[in-house]
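Residue numbers (our numbering): 715 to 767.
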């Protein structure tokens, strides 16, 4: 079996790297809001463009 010589793999738990483990300061926004608000603004803008022009 051939062996590769190179840099070792980064340490991880169960093969998965974990990011953002520490709590940070700032606003915490639910992902549903992040998707819903821009989507609704797009729909409202689209409807205004259709019906008010």
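Each residue gets a CB set at the ideal place from its N, CA and C atoms; glycine is no exception. These numbers come from a predicted model, not from an experiment.
- If the five residues before and after residue 762 are omitted, its C-beta is found closer than 7 Å to no C-beta atom of its own chain.
- Between the C-alpha atoms of residue 738 and residue 765 there is a straight-line separation of about 44 Å.
- When only Cα atoms are considered, residue 742 and residue 748 end up about 11 Å apart.
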